[in-house]
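Engineer: Got a structure for you, questions after.
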Amino acid sequence: MTRVSALWFVVLFAGCSSPEAPSDDEIVEVLDRAKSNLVFVEGGEFWLGDVGNESGVLFNPMADDNKPPKRIELDGFSILKTEVTWGDFVTFLRDVGRAEDYTIDNGFTRAVTLPIISNDDPASPNYKHKPARSPNFQEAENYCLWLAEKTRLPFSLPSEAQWEYAARNRGQAIAFATDTGEVELDKYLQRPSYAIDPMQPVSGNVLIHSSLDVERRPVGSYPPSPLGLHDMTGNVAEWTKDWFRPGFDHLSTKNPVAIEPSREYAGKRVVRDLAGTGDHLGGSATVYARVGRELDNYLYGFRCVVNQPEPIKELP
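Heads up, the sequence shown is in this note's numbering, so the first residue is 14 and it goes up one at a time.
In structure tokens:
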């Protein structure tokens, strides 16, 4: 069976069957993994937005919606060190009985190339350790709220300010959230799609590719940032919980979250890490780039935070 025909077999199978609910052990594994993967980020003050380098040169010169920077104060919080994995996300959808909502039979066209099932095959785009691509904003938010309900910890999507503060190692004036602060591209997807080998060894320190390609590297494939976080530059772009507006004038200076949609940009939430979409020209791969996207967009991943100003203690 060819790879294409095998994919269609999987798609048709996924569209015609109802996924079983996960076992209690499967759910416990997801919850334990989430708690053990949290990195505490000490709070502080920083300038949210494109601060430029020491010479005053802007990191993202072609964008206007991340300027001027605004002085922000954040309480401490904890953030997942990796993007939520495909396997953990599918377990959540199975647990809440919504995995079958995202099938071809139910009108979810993305399932043609990325059916909502996970597996143990590293060569598959459905490999459980690759980052999730949520079918919409709401399910990304729902996953974090599911963690909150199950763990009794205040999990949520990160605010835009939390996301940028963590990506910049607590607000440093850096361009990329990599181990070196610079980009060394993995050559993995820089070839025609028919020639991609998912088993090709990792190179460089970041994956930047077209948002139309469902292929990703497993989370944690590249060295972490100095703060201990992976893929805040590259792999997949990430949802935050803020409603989108250009600039930062609408934000408060203390723990800001844009909780009200604007009339002009109604229906759009902030997506960060545009290196995860391949839109990396003119500084768009830097940690300062931002964009508003419709809630039903299925291209993006996410990570969750715990809104507690002290490190999370081990729970029994």
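Cβ atoms here follow ideal geometry from the backbone N, Cα and C, with glycine treated the same way. All values derive from a computational prediction rather than experimental measurement.
Quick one: residues in its chain with C-beta nearer than 8 Å to the C-beta of Asn-73, no 5 flanking neighbours on either side, listed in chain order?
Structural biologist: Once the five neighbours on either side are set aside, the close Cβ partners of Asn-73 are Asp-63, Asn-79, Gly-295, Gly-296, Ser-297, Thr-299, Tyr-301 and Ala-302.
Engineer: Where does Asn-7 fall in DSSP's three states?
Structural biologist: As displayed, the chain neither begins before 14 nor continues past 329, which places residue 7 out of reach and without an answer.
Engineer: Suppose you measure from the CA of Gly-56 to the CA of His-142; what does that come to, to the nearest Å?
Structural biologist: Taking the straight line joining both Cα atoms gives about 30 Å.
Engineer: What is the rounded straight-line gap between the Cα of Pro-259 and the Cα of Arg-285?
Structural biologist: The alpha-carbon atoms of Pro-259 and Arg-285 are separated by roughly 13 Å.
Engineer: Determine, using beta carbons only, whether Phe-261 and Leu-170 come nearer to each other than 8 Å.
Structural biologist: Not a contact, by the Cβ cut-off of 8 Å.
Engineer: Going by DSSP in three states, Pro-32 sits in which element: helix, strand or coil?
Structural biologist: Three-state result, Pro-32: coil.
Engineer: Please go through the same chain and pick out, in chain order, the residues whose beta-carbon is closer than 8 Å to the beta-carbon of Asn-50, but skip the five residues on each side of it.
Structural biologist: Excluding sequence neighbours, Asn-50 sits near Leu-93, Lys-94 and Thr-95.
Engineer: Below 8 Å on the Cβ atoms is my contact criterion, and I expect Gly-305 with Lys-281 to pass it. Report the Cβ-Cβ distance as a whole number of Å.
Structural biologist: Confirmed, about 3 Å.
Engineer: Straight-line CA distance for Leu-287 to Leu-106?
Structural biologist: Taking the straight line from one Cα to the other gives about 26 Å.
Engineer: Quick check: what's the CA-CA separation for Ser-275 versus Trp-256?
Structural biologist: Spanning the two alpha carbons is a distance of roughly 8 Å.
Engineer: Would you give the residue range spanned by the beta strand (DSSP E) that Ser-91 belongs to?
Structural biologist: Per DSSP, Ser-91 belongs to the beta strand (DSSP E) from 90–93.
Engineer: Could you tell me how far apart the beta carbons of Gly-89 and Glu-307 are, in whole angstroms, since I believe they sit closer than 8 Å?
Structural biologist: Gly-89 to Glu-307, Cβ: 32 Å. No contact.
Engineer: Tell me the residue span of the alpha helix (DSSP H) that contains Ile-40.
Structural biologist: Note, Ile-40: alpha helix (DSSP H), 37–49.
Engineer: Using beta-carbon positions only, say whether Leu-166 and Ile-325 come within less than 8 Å of one another.
Structural biologist: Cβ atoms of Leu-166 and Ile-325: closer than 8 Å.
Engineer: Would you tell me roughly how many angstroms separate the C-alpha atoms of Ala-136 and Ile-130, rounded to the nearest one?
Structural biologist: Rounded to the nearest angstrom, the two C-alpha atoms are 14 Å apart.
Engineer: Does the Cβ-Cβ distance between Leu-312 and Arg-146 come in under 8 Å?
Structural biologist: Contact flag set, yes.
Engineer: Assuming Asn-149 and Asp-309 form a contact by the criterion Cβ under 8 Å, report the distance between their Cβ atoms to the nearest whole angstrom.
Structural biologist: About 5 Å separates the two Cβ atoms, so the contact holds.
Engineer: Measure the alpha-carbon distance for Gly-289 versus Phe-102 and round it to whole angstroms.
Structural biologist: Cα to Cα, the separation comes out at about 18 Å.
Engineer: Does chain C have any CB closer than 8 Å to the CB of Gln-321?
Structural biologist: Absent from the structure is chain C; it holds one protein chain and no more.
Engineer: Out of Trp-99, Lys-200, Thr-116 and Phe-189, point me to the one whose CA is closest to Leu-240's CA.
Structural biologist: Of the candidates Trp-99, Lys-200, Thr-116 and Phe-189, the one whose C-alpha sits nearest the C-alpha of Leu-240 is Phe-189.
Engineer: Using a threshold of 8 Å, state whether the C-beta atoms of Pro-236 and Asp-192 are closer than that.
Structural biologist: Cβ distance < 8 Å, so Pro-236 and Asp-192 count as in contact.
Engineer: Quick check: the Cα distance between Asn-320 and Tyr-115, rounded to an integer number of angstroms?
Structural biologist: Rounded to whole angstroms, Asn-320 to Tyr-115 spans 30 Å at the Cα level.
Engineer: Let me confirm a value: Thr-98 is counted as buried when at least 16 other C-beta atoms fall within 10 Å, else exposed. Which label applies?
Structural biologist: Classification of Thr-98: buried, given that the 10 Å Cβ count is 16 or more.
Engineer: Pick from Trp-60, Glu-162 and Leu-264: whose alpha carbon is nearest that of Gln-185?
Structural biologist: It is Trp-60 whose Cα lies nearest to the Cα of Gln-185.
Engineer: Based on the DSSP output, what are the partners of Glu-58 in its beta bridges?
Structural biologist: Answer by DSSP bridge pairing, in chain order: Glu-86.
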